[in-house]
Structure formats: structure tokens, C-alpha cells
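Each remark here refers to the structure printed beneath this line.
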Amino acid sequence: MFWGFLGRREGSLLRQFRLKVNGKEVQVEAPAGITLLKLLRDYLGLTGTKEGCGEGECGACTVLLDGVAVVSCLLPAAKAEGREVTTIEGLAQGEKLHPLQEAFISEGAVQCGFCTPGMILSAKALLDNNPRPTKDEIREALSGNLCRCTGYSQIVRAVEKAAEVMARGE
Amino acid sequence: MYDIKAYFEAETIDEATRLLADNPNLIVIAGGTDVLIKIHHGKIQKAELLSIRKIKSLEGIRKLEDGRIIIGPLSTFTQIINDPVIKENIPILAEAALSMGGPQIRNVATIGGNICNGATSADSAPSLFVLNAELKLKGQQGERIVPIQDFYLGPGRVDLKPGEILTEIIISPENYIGYAGHYIKFSARKAMDIAILGVAVLCKIKEGTIFEDVRIGLGVAGPTPLRCPEAEAYAKGKSVSAQVIAEIGRLAVKSTKARTSWRASKEYREHLVEELTQRALKAAIVKAGGEEIA
Ligand SMILES: Cc1cc2nc3c(=O)[nH]c(=O)nc-3n(C[C@H](O)[C@H](O)[C@H](O)COP(=O)(O)OP(=O)(O)OC[C@H]3O[C@@H](n4cnc5c(N)ncnc54)[C@H](O)[C@@H]3O)c2cc1C
Ligand code: FES
Ligand code: FES
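Pasting the structure below:
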């Protein structure tokens, strides 16, 4: 498959992107060489996903691609074509927050909040595969996410608490 | 926004090598974690990319009947960590994979990309060096097999001829049966950091007390990953003791060409080689069924 020679400046050559975001099929026109992060933020208005370093180091831009945690700043949007993306906006059900979101609030795991969406998605990828992780497994799963505020222990506690709540089926 | 001028996607090896032969400017992209950073930094401009991600025959890890282990270059680090063939036969590679990046990077980055990028800091390299991995390379002219030690030519330079792609990483049974190994990545941070030094040791112990074979692979101890022939030759046939292990550590330094960078000085790296080679060897001895040496 070949997408044609693409313009290099933003706005020059556009292409259609078709993907599923938070359970909804979306189709959007955007510059062909764009990252998934930029597509989400600037073309789909989903600004919950943050940009920190833009180079894969900080994890602020973490989303789930077909259920797997990836850094969206290092992912050409074209790679998400036809696949399912989950962002922080997709976790709550109506007014009801996801147990991870509730636990981050109740355990004081949010300070400035910039790392939080990425942290929560990394944590969700973990809990989806391993519903009762140990502390070490939680730390390992979050090792690609930096936080400049909390010192991490509240975050680890929040994930433990969410795991408990989810295990009780609340 | 990436400065990408063209993007092709191949679905078969043949299609990929044909596209590469037709357009020498094409850059192969697998997980993209190295290529996209280079584009982002402007080191590659007007990139013309050939994605190989959809080529099914480059995926998967399997053990053949003759004992050879074939690792598809598109295997991600996460897949290597979790793969039963790797865990059972060459767990040192899973250890190395786990030391790499963080979960999000490991979910995307491929072992083929790690090798072909040609970095001396590639976390897969020391282990693949001690396992005497062989690389199958395919182009329109045909295919050839190159030992990984000959594949690394210099910093960021590998023996990929124009139009060739890496199609298989092969580990032969004589290089893992009876061996046990250990990988130590030394870096300032545990996660998400480039190694200051990577040390892989593989050993085979005879009658619980004699070094039948010791292999040492180092990353970031020179412009390319390397082996330590002097130390390895010395070790052969010696009985396992703290003195012999210390001498192996000292001799390992002889094979290095460490240099000073902002991460660490030459002297510090050499000290690490001597010390960490011994630590990795001690751990490998225990895994290989030898006695623990304090
Ligand atoms: C945040 C971050 C952290 C990192 N941490 C580490 C770390 O701890 N340890 C480490 O070793 N690396 C690390 N890296 C570097 C990088 O992720 C690895 O080198 C990775 O394995 C590259 O694989 P890829 O599939 O993403 O390669 P790509 O970027 O797709 O390709 C890399 C190179 O290999 C070539 N290539 C890829 N596949 C083939 C093939 N089959 N045939 C021929 N050529 C091919 C490409 O043309 C390119 O030159 C890190 C990178 C980032 C962004
Ligand atoms: S913004 Fe993507 S990892 Fe930092
Ligand atoms: S809460 Fe501020 S970076 Fe984590």
C-alpha cells in the first residue's frame, strides 16, 4: 500500500484517518505525517492526553492501542488506522468515574495532574491483564511514566486500591 | 509532526526488497522508536519510509526440530519477555529485554530494530553476542547469513547491504544447551535509561567445578558491542574460584575500547567492566549448577 507523496508541512497534504476512539468510529482529515497524539488533541479535541517530552521518555501521552499501552507521541497516526484507541476520556461511564480515577483522587495521587492520564492508562493496561498486581508489578508497569510532583507512592497506593475495588466488583 | 515525504507498507518480504531495490532512499521502519526520534530531531529529513510491520513472516518466535531457535525481527521486547521458547531456552535474552525502556516502549520496539539500529548500547546485543546469534539477511540478490559479531561495523553502522532486510535471528542449540547466563544493565536509572554498560555472561560448567566455556558480551564498552576473547580463552578449563573469576574480570577490560562520554568516563567504564563481569559470571555459575562464589 502506498499513500502517495505527502506534503511535509502541516496543512499541505491531508489524508483521511479512520479509527475507533473510545468505542466510537471516527473519521477525520488531517496531515498525513501527524502523530496519534496530535490527531487526538488537535483534530479530535481529546486534550486529556498530554504531551510532555514528545520523545517517548515521559509517558504523559500514553494511550491504549488495541488494549496495549503505547506512547502516542511516537506513533504515526497512520499506524492506528483501523485500530481501537482508548484515551482517558474513554474511562468514565457517563458521570461514573472509573475505579482508577476514583482511587487517584481519594489517595491523593494527583497533584498538578499532568502525568495522571498517562499513569491511569498504564495502570489500566496492567489491571486488565493482572487484576491483583503486587507493588513491584505496579511499579514496573508504571516505570515508563514520570511524575514530577507526587513521589509515586500515592500513585502505587491508588492502583492497589483500584484493584481492590474492582476485585470486589464495585 | 513528522517530516515524512512518503510512506510505503509492504506485506511480504519480496515486496519489501523489491521496493527497496527500486528506491534506495527508502528507510525501513519497524517499531519506529529509533527512526521517528531521528526524524523528530531533524536527523532524517523528507523521510521516505517503508513499513515492514505488516509482514507476517517476520513475526513470531519458534523452535525448530533440530533445536534452532528462530526469532522474527518484528518480535517486540514485550513478546520476547513473555515467550515460552525464550524463557525456557535462552532466558538471558528475556532478562535483557526486560531491562530495556519502559512498558510502552517495549510494547512497540522490535528486536530487529534494536540490532539494525547499530547502537553499542542496544540492550539485546550483549546477550545475542554470547549466544553467537546469526542473522539472516534478504535482498533481491538472494539471502546470506552473518554472525552478529560481524554485523556491527561501527557506531550506528551495520552490515546491511542496500536493499537488504533482516528476516531471521537464529540461535543454534550448541550455543544454548547446557549453558546458563546472566545480563546486567548498569544505568543511572533502572527504567527508561540507556546503559552505561551492558554485560552478558554465558557459561557452561563441567562437573560443578570447571569452566568448560565462558562467554562475555559487552555493550557500551567500545564503538560496537563486543566479546572478550582473552578473558574467555583464559577461563577455558580452569576451576571455578574467586581468583580465577577476578582474573577473568581483569582480562575482560583488555578487550574494551571504552571512551569518555557525558554518561561516564573511560576509567569508570573500565572499572565497571572488571566488576560487573565478575558479578554476572558469579550469577551465571549458580544458574549453570555451580557453587556460589562469594
Ligand atoms: C524512550 C525510549 C527509550 C529507549 N530505551 C532503550 C533501552 O533502554 N535500550 C535499548 O537498547 N534501546 C532503547 N531505545 C531505543 C529503541 O527503542 C530500540 O533500539 C528499539 O529496539 C528499536 O526498534 P524499533 O522497531 O522501534 O526500530 P525502528 O526505529 O523501526 O528501526 C531502527 C533501525 O533499524 C532498521 N530496521 C528495523 N527493522 C529492520 C529489519 N527487519 N531489517 C532491516 N532494517 C531494519 C531501521 O531502518 C532503522 O534504521 C529507546 C528508545 C526510546 C524512544
Ligand atoms: S510526550 Fe510522549 S512520552 Fe513524553
Ligand atoms: S502530578 Fe504532577 S507530574 Fe504527576
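Heads up: the sequence lines are chains A and B, in that order.
All the letters of the first sequence, read from the start, carry residue numbers 1 to 170 under this note's numbering.
All the letters of the second sequence, read from the start, carry residue numbers 171 to 464 under this note's numbering.
Backbone N, C-alpha and C fix where the C-beta goes; we use that ideal spot for every residue, glycine too.
Simplified DSSP state of residue i, which is helix, strand or coil
i: GLY118/A; result: helix
i: ASP253/B; result: coil
i: ALA191/B; result: helix
i: TYR322/B; result: strand
i: THR280/B; result: strand
i: VAL414/B; result: helix
i: LEU75/A; result: coil
i: CYS112/A; result: coil
i: SER294/B; result: coil
i: LEU196/B; result: coil
i: GLU213/B; result: The residue asked about is misnamed: residue 213/B is Lys in this sequence, not Glu. Coil.
i: CYS286/B; result: helix
i: GLY419/B; result: helix
i: ARG359/B; result: coil
i: GLU107/A; result: coil
i: GLY4/A; result: Because GLY4/A sits at a pLDDT of 44, beneath the cut-off of 50, its placement in the model cannot be relied upon, and the following sentence gives the value as read from the coordinates. Looking at GLY4/A - three-state DSSP - the assignment turns out to be coil, as it is neither helix nor strand.
i: TYR172/B; result: coil
i: LEU263/B; result: helix
i: ILE275/B; result: helix
i: THR248/B; result: helix
i: GLU445/B; result: helix
i: LYS452/B; result: helix
i: GLU400/B; result: helix
i: TYR140/B; result: Absent from the model: residue 140/B. The displayed extent of chain B is 171 to 464, so no value can be given.
CA-to-CA distance, residue j to residue i, given in whole angstroms
i: LEU220/B; j: VAL70/A; result: 21 Å
i: LEU396/B; j: LEU40/A; result: 43 Å
i: ALA412/B; j: PRO399/B; result: 20 Å
i: GLU181/B; j: SER425/B; result: 42 Å
i: GLN311/B; j: SER143/A; result: 44 Å
i: LYS24/A; j: GLY309/B; result: 42 Å
i: PRO317/B; j: GLU164/A; result: 50 Å
i: LYS38/A; j: CYS73/A; result: 8 Å
i: GLY407/B; j: PHE381/B; result: 5 Å
i: HIS352/B; j: ALA125/A; result: 29 Å
i: VAL278/B; j: TYR346/B; result: 27 Å
i: GLY94/A; j: GLY202/B; result: 36 Å
i: ILE335/B; j: ARG132/A; result: 42 Å
i: GLY4/A; j: GLU179/B; result: Interpretation of GLY4/A is limited by its pLDDT of 44, a score under 50 that renders its predicted location unreliable; the figure taken from the coordinates is listed afterwards. Approximately 11 Å, taken between the alpha carbons.
i: ILE260/B; j: GLU229/B; result: 18 Å
i: GLU445/B; j: TYR177/B; result: 46 Å
i: ALA103/A; j: LEU46/A; result: 22 Å
i: GLU402/B; j: LEU372/B; result: 10 Å
i: VAL21/A; j: THR87/A; result: 8 Å
Residue of the options minimising C-alpha distance to residue i
i: VAL390/B; options: GLN310/B, ASP329/B, LYS355/B, ILE375/B; result: LYS355/B
i: LEU268/B; options: ILE386/B, ALA361/B, ASP236/B; result: ALA361/B
i: GLN319/B; options: LEU190/B, ALA454/B, LEU388/B; result: LEU388/B
i: GLU137/A; options: CYS58/A, ALA123/A, THR116/A; result: ALA123/A
i: HIS118/B; options: GLY459/B, ARG433/B, ARG420/B; result: Not covered by the structure: residue 118/B. The range shown for chain B is 171 to 464.
i: TYR482/B; options: GLN27/A, PRO31/A, VAL21/A; result: The question about residue 482/B has no answer, for chain B in this structure spans 171 to 464.
i: GLY118/A; options: LEU14/A, GLY45/A, THR49/A; result: THR49/A
i: ILE275/B; options: ILE262/B, ASP293/B, LEU367/B, GLU258/B; result: ASP293/B
i: ARG139/A; options: PRO273/B, GLN249/B, GLY333/B; result: PRO273/B
i: ILE183/B; options: ALA266/B, PHE247/B, ILE256/B, LYS306/B; result: LYS306/B
i: LEU323/B; options: GLY333/B, LEU367/B, ASN287/B; result: ASN287/B
i: LYS331/B; options: ARG385/B, LEU301/B, PHE321/B; result: PHE321/B
i: GLU246/B; options: ILE260/B, ALA428/B, ALA264/B, ARG238/B; result: Reading off the sequence, residue 246/B comes out as Thr, not Glu. Per the Cα distances, ALA264/B.
i: GLY282/B; options: GLU258/B, ILE455/B, PRO243/B, ARG449/B; result: PRO243/B
i: PHE299/B; options: VAL369/B, LYS208/B, ILE463/B; result: VAL369/B
i: ARG433/B; options: ILE366/B, ILE418/B, LYS457/B, ALA453/B; result: ILE366/B
i: GLY271/B; options: ASP363/B, GLY460/B, ALA428/B; result: ASP363/B
i: ALA358/B; options: ALA289/B, ARG439/B, ILE386/B, ARG429/B; result: ARG439/B
i: GLY90/A; options: LYS135/A, ILE120/A, GLU160/A, ALA109/A; result: ILE120/A
i: THR134/A; options: PHE114/A, ARG157/A, CYS149/A, THR62/A; result: ARG157/A
i: ALA217/B; options: VAL198/B, ILE225/B, ARG223/B, ILE341/B; result: VAL198/B
i: GLU338/B; options: LEU189/B, LEU196/B, LYS226/B; result: LYS226/B
Q: Report the residues of the stretch 66–96 of chain A with a CB closer than 7 Å to any CB of chain B, ordered along the chain.
A: When CB distances to chain B are screened at a threshold of 7 Å, the residues of the stretch 66–96 of chain A falling below it are VAL68, ALA69, VAL70, VAL71, LEU74, PRO76, ALA78, in chain order.
(Q) Please list, in chain order, the residues of the stretch 356–381 of chain B that have any C-beta partner in chain A closer than 8 Å. (A) LYS360, ALA361, MET362
Q: With 8 Å as the limit, tell me which residues of the stretch 46–65 of chain A have their beta carbon closer than that to any beta carbon of chain B; keep them in chain order.
A: GLY54, GLU55, GLY56, GLU57, GLY59, THR62
Q. Which residues count as close to ligand 2 when the rule is a CB under 6 Å from any of its heavy atoms, in chain order?
A. After applying the 6 Å Cβ criterion, the set is GLU51/A, GLY52/A, CYS53/A, GLY54/A, GLY56/A, GLU57/A, CYS58/A, GLY59/A, ALA60/A, CYS61/A, VAL71/A, CYS73/A.
Q. Which residues, in order along the stretch 33–44 of chain A, keep a beta-carbon less than 8 Å from a beta-carbon of chain B?
A. GLY33, ILE34, THR35, LYS38
Q: With 7 Å as the limit, tell me which residues of the stretch 127–150 of chain A have their beta carbon closer than that to any beta carbon of chain B; keep them in chain order.
A: ALA141, SER143, GLY144
Q: Return the residues of the stretch 272–299 of chain B that lie within a Cβ-Cβ distance of less than 7 Å from chain A, sorted by chain order.
A: GLY272, PRO273, GLN274, ILE275, ASN277, VAL278
**Q.** Under 8 Å (Cβ pairs) to chain A, residues found in the stretch 197–214 of chain B
**A.** GLY202, THR203, LEU206, ILE207, HIS210
Q: Taking a Cβ distance cut-off of 8 Å, strictly less, list which residues of the stretch 113–124 of chain A are near chain B, in chain order.
A: SER122
Q | Short-range partners of chain A found in the stretch 303–333 of chain B, where Cβ spacing is below 9 Å | A | Listed in sequence order: no entries.
Q. Going along the stretch 171–183 of chain B in order, which residues come within less than 7 Å of chain A, judged by CB to CB distance?
A. MET171, TYR172, ASP173, ILE174, LYS175, ALA176, TYR177, PHE178, GLU179
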